[in-house]
Structures are given as structure tokens and as C-alpha cells.
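Under this note's numbering, read the sequence shown as residues 46 to 744, first letter to last. This report concerns only the one structure given below.
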Amino acid sequence: MTDPVRYSVQDGIAVIAVDNPPVNALSQAVRAGLAEAVARLSGDDQARAGVIYGAGRTFIAGADIREFGKPMAEPFLPDVIAAIEACEKPVVAALHGTALGGGLEVALGCHARVALASAKVGLPEVTLGILPGAGGTQRLPRIAGAAAALDLITSGRHVAAVEALKLGIVDAVVDGDDPLAAGLAHARRLADGEATGRRSGEIDPGAKDEALFADWRAKTKKSARGQISPMVAIDAIEAAYDLPFNEGMARERELFKELMASDQRAGLIHAFFAERAVAKIPEAEAASPREVASIGVIGGGTMGSGIAVAALNAGLPVTLVERDEASVERARGIVSKLLDDGVRRGKLSEARRDQILSRDFSTATDYSALAETDLVIEAVFEDMDVKKDVFRRLDGIAKAGAILATNTSYLDVNEIAAATSRPQDVIGFHFFSPAHVMRLLEVVVADKTAADVVATGFALAKKLRKVAVRAGVCDGFIGNRLLNTYRKAADYMVEDGASPYQIDAALVAFGFPMGPFAVSDLAGLDIAWAGRKRRAATRDPRERTVGIADRICERGWFGQKTGRGYYLYEPGARRGSPDPEVEAIIAAEREAKGIVPRSFTDEEIVSRYMAAMINEAAKIVEEGIALRPLDVDVTMLAGYGFPRWRGGPMQYADRLGLDTVLAELRRLSAEDGFFWEPAPLLVRLADEGQTFASLNERD
Ligand code: 3HC
Ligand code: NAI
């Protein structure tokens, strides 16, 4: 193993190389190595100045997150940085790749910073449920001012080198790809007195702008929605103005430790690693992805158009096939509009949009246009006969080795694959609406899907900047199967006495961006209605059914698109108001069943909703539909608005304690029957005193 920190001297300048792949995280060994290197620089007669840089693809990307939650080992990062800052010889940080979190804090402790133009800096700690804990909240405002510090630290956003220069975070931006050369040149200038360095801890931060802090507190309270770290980070930044530097550092440390001990930190770190672990699937180890240089999309409605834009934005040419010329024109209109939105939001240049429309995007009504395409994604109506017909036609024209994917939400991918002569090439790619925005892609693996086709799904997701989760075939795969289950729990509560509006409010307070009834209105109540009709014949006769949604649909109220659903919508409005007529429908349904409504507390609502979700998730894991509990967590986080700081339903269950969840399910199944019967996996884990997390490790 190479030394994680190497010291050498080049022409009178000490070169301190941090070499801890993959991202040079500040493990205990790196911290110790840095402390030793700085001490050596101080006493080294051969060195007039020093440069700290990262070997490999990046500067230091932060503290070693794997050490979080364990006792911290010396030397502590703030002390290492204090030693760098105190060094009497100038020390330059030479940045490339990403200088994040503790990495940027090391750089802020240096006396000057140079960055390659491609470098990015940031303090993303709040996204992990903590705050910069090695002086970032004290040094950044001194260097860049309160407004920049508040912005960077509460958002965690990555800032490109040019903006960092404008903000005063770096002293120079250099073209090229050699951070060490840039650092050495700057160190020489400092040593020769041609440039000056500063100790950021010694800079006077100036007077506190009270109004600015009040404004950020109000803004952050809204945007953070239940997440505590951004608010606490503001307290820490404020200490830079209220206290002398050393006391501010102590205050930061105290707040950092508080957050480090929080459940939210545990949830967010779990989310971070889970999003990376989902890519670790057997097929990716067994096979390499197939080459995908062109995409075909069949059906250019809501989903097909969004999928086309996601692929076009990633630089892949797309051919979209629709039923007839009028449908082609409609699809072209949607694609153009989505690209225009991208231009308006600054995500896409006008020139790039024009190039996409004139060169990369083509349309057709004839399937033969897809004969040479590497990967075709079908997004036609959710109807088995229509889908089978599409796949039969595709089978007739697609080249050998082309991947044939379906975007079905619920239908049996095995049955669709059987309509072709090449089931090994057929797979489900379940995108989420809007497909060019939502991060989740469920990669649905059918019985005969080849391993390299699965691996291609994961490679494509990466290219589209999405998170792929591997799912098996069942009604609704991972996400929609869960959705159907917790929606039923919500419907039962409505029938028993809660209002849809109270349920939505309770779940928004829990951390979801929208409650389940508002989501139904957005998605369209007709879609779930069609699903209920489809499943009616195969439904378990023991299942409790609620007729309220059917009564609403029978009136033609399908949600936002018809101006009313569970809520009433003013024309064009996205937020609705409670509808007394819906409340009357609910009352009539209760009366017809002889149910005397009772009241529910918000805690009861959350508890039942989560118990239903966790129980179904346990079945999904046990059946192998999800590989591990973490795959369920990522599905819910990336596709269904589950509050990230709660880590996902399985992580949430672990924190509640599986015995607590089991006791709630047993109580509910005694009261309300079969729907609540605990999943065998949950019973086993609870009996063994185990957690879902114990199943996340694969050998
Ligand atoms: N600690 C430990 N491991 C880390 C890590 C970190 N800070 N950052 C990344 N890794 C690991 C990943 O888990 C992954 O491991 P795997 O290959 O075993 O799955 C590997 O490094 C590569 O990471 P990515 O797949 O994410 O690589 P990318 O090139 O896509 O992204 C990155 C690189 C932008 C650096 C991204 O990994 C990232 O955002 N990392 C986290 C950065 C961060 O949040 N830093 C702040 C940490 S908190 C802190 O510093 C506290 C301080 O204030 C005291
Ligand atoms: P949509 O009704 O908006 O679009 C379907 C399109 O397919 C229409 O434009 C239609 O003209 C076209 N089409 C129908 N038959 C065709 C054929 N034989 N050849 C070519 N084009 C044909 O439907 P939407 O919402 O886009 O859904 C498409 C698929 O995506 C469905 O399977 C649905 O379950 C799934 N899905 C939908 C989501 C949503 O939120 N709307 C989310 C995830 C998946």
C-alpha cells in the first residue's frame, strides 16, 4: 500500500501529495500524514513554501464518511488545519476535481488557493445531515462574506472554479490539467514575495448583517422542510460574527457533534451509500454492457416524450415512432417544449437545442425507422394487447442484439418478452414522470433477460444521470407495488374517519413533498381506476375494498387534469382546496357500510401508513423482487418523494425498531384483518433482534 500522504521537495518547494483513492478522503491516516508533513515543512531548511495537492482524479473530496458514527480518532481535522494555517512558511492548496467538505476546509486553512478551471468546490455537509466541522463555517465567511457562506453552506451546492474566484474562495484559476504545476508556480510567487498569502482565521469578518441572517433563516426554514442541519449551520455561521475566531471554532465543533449524533445524519449517510450500492448487482459483475449509440422510443405521449428528452440531453440520438402523423406532430411539440423549458432554466443553450431538433431527434410512423437502433424503449398505452403487438412488430424489424425495453408501470414483462423470438433481449425500464427530471429508473429483470442487457440498463441510467434500481417482475415492481399498498392504508383510514386532507397534511409534516391524495390528483385518478378494474378478477376475496375513489371517478373527476379530484382546482392551479362534495361522497360511503367515523391523530396516520409500506417492502425483499432493503430505500427516495433525511422506509423501520413495527402490525391485523398480517421476514428479523440493514451486505 502506498503512503496516503507523501512529502518531497522540488526546487525549494515542499510537495505534499494526498494519495488515498478513490477520492482522497480524509481518513485518520491522511489526517496524521498531513499533520506530519506540515511539521516537516516547518523544520525543513530545503523548503521555502509548500503545496498540498491530490494525487489522481481529485483534490480531497471531504472527510471519510465511512468513519462517521464511529468514535473519532486523533488527530482531529480542525487541529490539523490549525497547524497548516499556523505554519510560518506559505502553504498553497492546488485544487482539481472536487474540493469538498473537509477538503475545502483544508484549502481554506492554507494561505492561498489555486484551482484548475475544471475544479469544483463546495461544503456539501448539510446534504449529509451535518455542517462543516473543521472551520468551514468560520473561515468561509471571513474569506467570501456572509452571503456567499450562507448560500454555499445551507445549499451544499458545488461551485465551479470561475465562480469560486469571483467569490474570493480561490485566488487564481489556471487552465490545463496539472494542479501541481499550478500550485508550485503560486508557491514560488509567495516565497519570492511576488504575491501575498493570508491566514483566513485572522481576517476580521466585519459587522454582522442582521437582516441577511433573518432572511436566510426564513428562506431556509421553508426550503429545508424538516431537515435540521441547514438551520443549525446558520447558527454556526452566525458565530463567526458573534464570537472571536477560536470561540467560533469551538461553537462550530459543538454544533457539528450534535448533528453527528442525530438520526437525520444517519438517514442521509445511509441514502448516500445506498445510492451507490444499488449499482452493485450480480449482472454487472457477470457481464459488460452492450454498446448503445442510438435510442428508439415508441409512443410519444407523456412518458415517451420525456424519455426522448432525457436521452437527447445525454447526447444520444433518438428516433421516436408514433401511430400517425398527427401523433408525431403532437410528440414533436412536447419534445420542443421540454427542450425550450431547459433553455429557459439555463440548462441547455439555444444552439444545442437547435442542434438536437435538427440533427439528433427524428420521428417516424413506420417501425422500420428503428431497424438499426441499438435500444428501443416502448411507452405506448398501458394495455397488454397493445404492448404485445408493438413487441411482435419490433421483433420483426430490430437488428440482432438490439435491446427491447418496456416502460410499463405494472404489466408482466415476461408475457411481453414472450411475444418476441428474443426474450433474452427484453427488459423493463420503468421511468418516472416527468421522465427527463425524475432520477429513478427501475430496471425490471424478466426471467429470460440476459445479464448484459441488465448491465446496459445500469450503464444507460448513469449516462442519463439517473439512479437505477434492479427490480424483479411482479404487479407494480418495487415502487408501484408499495404505492398501491400504502394507498390502500390511506383509503382505509378515510373510510374509518380521517379526511384525505388531514392525511395529506400529516404526511407532508412527516417530510413528503405531497400527500397521497394530492399525488393521486396529479397522476390522474383514472389510471388507478383502470388498475383496480384490471385487478378485480384476481383480487384476494379477503381484501377490504373501499369504493370512495370509484365514486369520484364515476363523476368524471380525474384530478388536476379535470379541475377536480380529491381537491378542487382553479383553472391552471396546481394546488387545490378541500372539496365539500368529496367529503359528502365519503360520508355516504361510510354510512352505506355502517361505519361510524372516528378521529385519527396525525401520529396514528403516519404510523399506519408507514407500517403498511414497511410490511409490503419486507415481502418485496423476501420474494427477491428487490435485491436488498437498500434497493427499496433508494426506490422510495429517488422516485416517490420519501424524505431523504429519513433514509428510506427500511432505514426508518430500523430506527423505529422492528419489534415496534411488528407490534403495530399485530395490533392492526387483530383490529382490521388480513391486510395487516406481518410479513414472515419482518417477524423473523424482529424475533432475532435484527435489522433490515443486516441484509444489505452481499458477499
Ligand atoms: N468518504 C468516503 N468515501 C467516499 C467519499 C467520502 N467523503 N466520497 C466518495 N466516496 C466513495 C464512494 O462511496 C464511492 O465508493 P464505491 O466505489 O465503493 O461505491 C467512491 O468513493 C466513488 O464515489 P462516486 O461513485 O460518488 O464517484 P463520483 O466521481 O461520481 O463522485 C464525488 C465523486 C463528487 C466526490 C462524490 O463521491 C461525493 O459527492 N462525495 C461526497 C463528498 C462530500 O460530501 N464531502 C463532505 C464530507 S463531510 C465532511 O467533510 C465533514 C467535514 O466538514 C469535517
Ligand atoms: P400516453 O397516453 O400519454 O402516451 C401513449 C402514447 O403512445 C400516445 O401518444 C399514443 O399515440 C402512442 N401509441 C399508442 N399505441 C401506439 C403504437 N402502437 N405505436 C406507436 N405509438 C403508439 O401514456 P403515458 O402516460 O406516456 O404512458 C405510457 C406508458 O408509460 C404506459 O405503459 C404507462 O403505464 C407507463 N408509465 C406512465 C407513467 C405516468 O406517470 N404517466 C409513469 C411511468 C410509466
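For every residue, glycine included, the Cβ atom is placed at its ideal position computed from N, Cα and C.
Beta-carbon proximity list for residue i, same chain, < 8 angstroms, skipping 5 on both sides
i: R262; result: M276 and I279
i: D744; result: Residue placement at D744 is poorly supported in this model, since its pLDDT is 39, which falls under 50; the coordinates still yield a value, given next. Once the five neighbours on either side are set aside, D744 has no close Cβ partner at all.
i: A582; result: none
Sub-9 angstroms separation of residue i and residue j beta-carbons
i: I670; j: Q547; result: no
i: L567; j: G604; result: yes
i: Q696; j: A316; result: yes
i: V96; j: A127; result: no
i: T347; j: A414; result: no
i: I630; j: G542; result: no
i: Y611; j: S644; result: no
i: L570; j: A550; result: no
i: G360; j: D405; result: yes
i: K511; j: L528; result: no
i: K432; j: V425; result: yes
i: E320; j: A662; result: no
i: A322; j: Y286; result: no
i: F555; j: V666; result: no
i: A179; j: L225; result: no
i: E130; j: S268; result: no
i: L713; j: V728; result: no
i: L229; j: D56; result: yes
i: L153; j: L173; result: no
Residue from the options with nearest C-alpha to residue i
i: A504; options: A338, L682, P67 and K266; result: A338
i: F720; options: R729, D624, L710 and A256; result: L710
i: D492; options: K511, T501 and E460; result: E460
i: A409; options: A269, S622 and R377; result: R377
i: V499; options: H481, A480, H475 and R484; result: H475
i: P362; options: G341, V54 and R398; result: G341
i: R700; options: A236, S307, D90 and Q73; result: S307
Near the ligand NAP: residue i beta-carbon under 8 angstroms from a heavy atom
i: L145; result: You won't find the ligand NAP in this model; what it holds is the ligand 3HC and the ligand NAI.
Start-to-end residues for the beta strand (DSSP E) that takes in residue i
i: Y98; result: A94 to G99
i: K165; result: K165 to G167
i: F476; result: V471 to F476
i: Q55; result: V50 to Q55
i: A450; result: I448 to T451
i: G341; result: I340 to I343
i: A206; result: Segment A206 to L212 is the alpha helix (DSSP H) holding A206; no beta strand (DSSP E) there.
Other residues of its chain near residue i: CB distance less than 7 angstroms, five sequence neighbours each side excluded
i: G167; result: L145, L149, L197, G201, R202, H203 and V204
i: H686; result: For the sequence presented, residue 686 should be read as Gly rather than His. Contacts found: F557, P558 and M559.
i: A82; result: V50, Y52 and I61
i: A464; result: K433, F436 and R437
i: K444; result: A416 and E417
Residue i burial status per 10 Å Cβ neighbour count (16 or more: buried)
i: S403; result: exposed
i: I188; result: buried
i: E283; result: buried
i: Q183; result: buried
i: R233; result: buried
i: T451; result: buried
i: F318; result: exposed
i: G617; result: exposed
i: S333; result: exposed
i: R310; result: buried
i: V207; result: exposed
The alpha helix (DSSP H) enclosing residue i, as first and last residue numbers
i: F436; result: M429 to I442
i: A217; result: Careful: A217 lies outside any alpha helix (DSSP H), inside the beta strand (DSSP E) at A217 to V219.
i: L527; result: G524 to D541
i: R347; result: Per the sequence shown, residue 347 should be read as Thr rather than Arg. Its alpha helix (DSSP H) spans residues T347 to N358.
i: T199; result: A191 to S200
i: A513; result: Element bounds for A513: not the alpha helix (DSSP H) but the beta strand (DSSP E), V512 to G517.
i: G502; result: A496 to K508
i: L79; result: Q73 to G88
i: A128; result: L122 to A131
Residues of its chain near residue i, where Cβ-Cβ distance is below 6 angstroms and the 5 sequence neighbours each way are ignored
i: I379; result: S350
i: L672; result: R515
i: T746; result: This structure gives no information on residue 746, because the portion of the chain shown stretches from 46 to 744.
i: L212; result: A189 and A193
i: W602; result: R609 and G610
i: A534; result: R653, Y654 and A657
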